[in-house]
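*Asks:*
Residue numbers (UniProt numbering): 1 to 622.
1. Closest to residue 379 by CA distance: which of 465, 432, 508 and 589 is it?
2. Pop quiz: residue 594 and residue 578 are said to be a contact at Cβ under 8 Å. What is the actual Cβ separation, rounded to whole angstroms?
3. By DSSP, does residue 544 sit in helix, in strand, or in coil?
4. In this structure, what does DSSP give as the bridge partners for residue 152?
5. Whole angstroms are fine: how far does the CA of residue 28 sit from the CA of residue 623?
6. Just to confirm the assignment, what range does the alpha helix (DSSP H) spanning residue 514 have?
7. Span of the beta strand (DSSP E) holding residue 322?
8. What three-state label does DSSP hand residue 531 in the structure shown?
9. Could you spell out where the beta strand (DSSP E) holding residue 261 opens and where it closes?
10. Kindly indicate if chain C contains any beta-carbon less than 7 Å away from that of residue 550.
11. Based on DSSP bridge pairs, tell me the residues matched to residue 536.
12. What span of residues does the beta strand (DSSP E) with residue 274 cover, start to end?
13. Determine the closest residue to residue 450 out of 499, 306, 560 and 177, with distance taken between C-alpha atoms.
14. Going by DSSP, what residue range makes up the alpha helix (DSSP H) through residue 374?
15. Please name the residue or residues paired with residue 173 in a DSSP beta bridge.
16. For residue 598, which three-state DSSP category applies?
17. Can you have a look at residue 241 and say buried or exposed, based on whether 16 or more other CB atoms are within 10 angstroms of its CB?
18. Would you mind reading off the limits of the alpha helix (DSSP H) that contains residue 417?
19. Since residue 65 contacts residue 208 with CB under 8 Å, what's their CB separation in whole angstroms?
20. How many Å lie between residue 538 and residue 558 at the Cα?
21. When the Cα of residue 389 is compared with those of 320, 277, 191 and 583, which residue comes out closest?
22. Taking only runs that begin and end inside the segment 174-217, name each unbroken beta strand (DSSP E) of 3 or more residues, in chain order.
23. How should residue 7 be labelled, buried or exposed, when 16 other C-beta atoms within 10 angstroms of its C-beta is the threshold for buried?
24. Are the beta-carbon atoms belonging to residue 569 and residue 530 less than 7 Å from one another?
25. Can you find at least 3 beta carbon pairs, one from the segment 130-138 and one from the segment 154-163, that sit closer than 8 Å?
26. From the DSSP secondary-structure annotation, give me the bridge partner or partners of residue 51.
27. Classify residue 497: buried if its beta carbon has 16 or more other beta carbons within 10 angstroms, exposed otherwise.
28. Pick from 278, 597, 311 and 316: whose alpha carbon is nearest that of residue 384?
29. What residue range is occupied by the uninterrupted alpha helix (DSSP H) comprising residue 89?
30. Cα-Cα, which of 164, 576, 472 and 266 is closest to residue 699?
31. Please classify residue 559: does DSSP put it in a helix, a strand, or coil?
32. Considering only DSSP beta bridges, list what residue 414 is partnered with.
33. Which parts of the segment 436-468 are runs of the alpha helix (DSSP H), unbroken and 4 residues or longer, counting only runs that do not cross its ends?
34. Look up residue 311 in the DSSP assignment and give the residues it is bridged to.
35. Given that a residue counts as buried once 16 or more other Cβ atoms are within 10 Å of its Cβ, and exposed if not, what is residue 4?
36. Give me whichever residues DSSP pairs with residue 37 in a beta bridge.
Here it is as structure tokens:
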């Protein structure tokens, strides 16, 4: 028995999306057609896959296609497919509620500076709602391929908060979406305009997109294919223009921008497969915002039959920004995610994809530095994850990384590890770096003073991921990487003797500071790092940098309370004041200020900021 007709309210998030797209995307109206065709293509792909195991689903209508038609008198545009279709529950889940779409993240992104950015529509899975940019009413009639004709569903809404659902007879499987156009949207009732938009945005959809043959300027009942409808990746590269590659990317990735670069390869042999992989020019908006858990992955085809839209097993996490297609000849056609994970042939495909992507990035770095700079700004931090995740390619990935340096002029002037190694002094066997919570904090760190005095270059690592990343990069090109703030500095004999003498002369001072600071510190030492500043923190080789510990603590992680080692410069006037101060209270204020300014410079969180301010005021007024 069919469910009765009913009226329901949209979920709050969907209502917000509808309001945003109808009021903010007026300059990108035509995207509605691209998005509805993309949804129709997905429905055809899903039916083609399900029909492998259940051929009866095609039921005499095996030629999958998408029809776009218009009716000037009725002021409607209809996009119809003969794909998988939906049942009643699927209609409610896919259109009426937030379901599994990216609606919430779409709203978060659109609430900032991107309010009128149509690129967000497709990337967040809310493309259906773009129909309301041009329509004041949308009617959907659909029937799932495995249901009888009497179990169709009609969905209708004016996009203002409610929608209706009712059972209908649907002789044809699939879905039709009819847009009742607003009064000022006459341009979309012209056949030439619709055909132009199909060729512009959807030419490389792999199913025929048909439009009515026109006679005397009016559509007839006869249809003809409007798009190329070919699997672009199957063509020889010599037959594909750059415009073709760019057009395919835009239809593939819901991106208005051109791709930055691409690589197209066919592997023949015991296992044959084709890859067409793209580097976007900018990151998708969900790359870091939930992106690790909800990656898009590559589109996987087997013998040109679509298998899955987000085949995450084909690329590692750190390359999740790559878009593209893999078409394999040798995987079983009834492949599921579980089988895919266990298929030994997959390892070879994955290795080939990783190699092609790294080859492409290396080529950009070598031959097109401006494009590489664009890539690195967008995806450099994501690429850094590969240092920890992909041991087999660690050296290749490290070669692509770029960092600011004490030899550079600002955060934008970066160097590679090869640049650094090439400039190392004779006898230097260490790549020195410092991590901090920002470029200014790294460049101004007191722990750099001795290195600057000796003319030793130090890499300034100021991205949040750097401290974690460099933990997996112990050496590069045979040179050890060391943090200037960690462990004992290697000293030559003259410096070592000078350090020993300074420590011996400062023994009373060190004892006084330890007593004044009590359990706030683990130890107090004379610093070999400082030349101008009074104090700094020194970490053990395996201790986490204070700025990272603070960030993790703020994110809710339990972090062990480590007592820092305070290093002081006995030649500095402030340190000498502690040594000569007879008043116990003033001496304690000075000692604590030495520690707290060192903690601030290292990015640590002060345990009592108010007490620090009061102490600073007492010293300034004293």
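For glycine and all other residues, C-beta sits at the position ideal for the given N, C-alpha and C.
*Replies:* Taking the coordinates as given:
1. Here residue 379 refers to the residue found at position 379 of the chain shown. Measuring from the Cα of residue 379, the nearest candidate turns out to be 465.
2. Taking the first residue of the chain shown as 1, we reach residue 594 at position 594. Taking the first residue of the chain shown as 1, we reach residue 578 at position 578. Indeed they touch by this definition, with Cβ atoms about 7 Å apart.
3. For the purposes of this step, residue 544 is identified with residue 544 of the chain shown, where counting begins at 1. Coil, per DSSP.
4. Working through the chain shown from its first residue, we reach residue 152 at position 152. Answer is 168, bridged to residue 152.
5. Residue 623 lies beyond the stretch modelled for the chain, which goes from 1 to 622, so this question has no answer here.
6. Taking the first residue of the chain shown as position 1, residue 514 is located at position 514. Element bounds for residue 514: 507-517.
7. Mapped onto the chain shown, residue 322 falls at position 322. Where residue 322 is concerned, there is no enclosing beta strand (DSSP E), given that its DSSP letter is neither H nor E.
8. For this step, residue 531 is matched to residue 531 along the chain shown. DSSP places residue 531 in coil when its eight states are reduced to three.
9. Residue 261 sits at position 261 when you count from the first residue of the chain shown. Residues 261-267.
10. Included in the structure is just one protein chain, with no chain C present.
11. On the chain shown, residue 536 is found 536 positions in, with the first residue counted as 1. Answer is 567, bridged to residue 536.
12. Residue 274 sits at position 274 when you count from the first residue of the chain shown. Here the beta strand (DSSP E) through residue 274 covers 273-279.
13. Here residue 450 corresponds to residue number 450 of the chain shown, with the count starting at 1. Ranking 499, 306, 560 and 177 by Cα distance to residue 450 puts 499 first.
14. As a first step, residue 374 is located in the chain shown; it is residue number 374 there, counting from the start. Unbroken alpha helix (DSSP H) run through residue 374: 369-389.
15. Taking the chain shown and counting its residues from 1, one reaches residue 173 at position 173. Paired residue(s): none; residue 173 is not in a bridge.
16. Looking up residue 598 in the chain shown gives position 598. Of the three classes helix, strand and coil, the one that applies to residue 598 here is helix, per DSSP.
17. Counting from 1 along the chain shown, the entry for residue 241 is found at position 241. Label assigned to residue 241: exposed.
18. By 1-based counting over the chain shown, the position of residue 417 is 417. Start and end: 417-423.
19. Numbered from its first residue, the chain shown carries residue 65 at position 65. Numbered from its first residue, the chain shown carries residue 208 at position 208. About 5 Å separates the two Cβ atoms, so the contact holds.
20. Counting from 1 along the chain shown, the entry for residue 538 is found at position 538. Counting from 1 along the chain shown, the entry for residue 558 is found at position 558. About 22 Å.
21. By one-based count along the chain shown, residue 389 stands at place 389. Of the candidates 320, 277, 191 and 583, the one whose C-alpha sits nearest the C-alpha of residue 389 is 320.
22. 174-181 and 209-215
23. For the purposes of this step, residue 7 is taken as residue 7 along the chain shown, with counting starting at 1. Per the 10 Å Cβ criterion, exposed.
24. Numbered from 1 along the chain shown, position 569 holds the residue referred to as residue 569. Numbered from 1 along the chain shown, position 530 holds the residue referred to as residue 530. Their beta carbons are under 7 Å apart, which means residue 569 touches residue 530 by this criterion.
25. yes
26. In the chain shown, residue 51 corresponds to position 51, counting from 1. None, per the DSSP bridge assignment.
27. Counted from its first residue, the chain shown places residue 497 at position 497. With fewer than 16 Cβ atoms within 10 Å of its Cβ, residue 497 is classed as exposed.
28. The residue labelled residue 384 in the question sits at position 384 within the chain shown. Ranking the options by Cα distance to residue 384, first place goes to 316.
29. Within the chain shown, the letter at position 89 stands for residue 89. Element bounds for residue 89: 88-91.
30. An answer regarding residue 699 cannot be provided, because it is not within the stretch 1 to 622 covered by the chain.
31. For the purposes of this step, residue 559 is taken as residue 559 along the chain shown, with counting starting at 1. Looking at residue 559 - three-state DSSP - the assignment turns out to be coil, as it is neither helix nor strand.
32. Taking the chain shown and counting its residues from 1, one reaches residue 414 at position 414. Per DSSP, 404.
33. 439-443 and 449-454
34. In the chain shown, residue 311 corresponds to position 311, counting from 1. BP columns for residue 311 point to 298.
35. Reading the chain shown from its first residue, position 4 is the one you call residue 4. Residue 4 is exposed by the Cβ-count criterion.
36. If you number the chain shown from 1, residue 37 lands on position 37. Residue 37 is not bridged to any residue.
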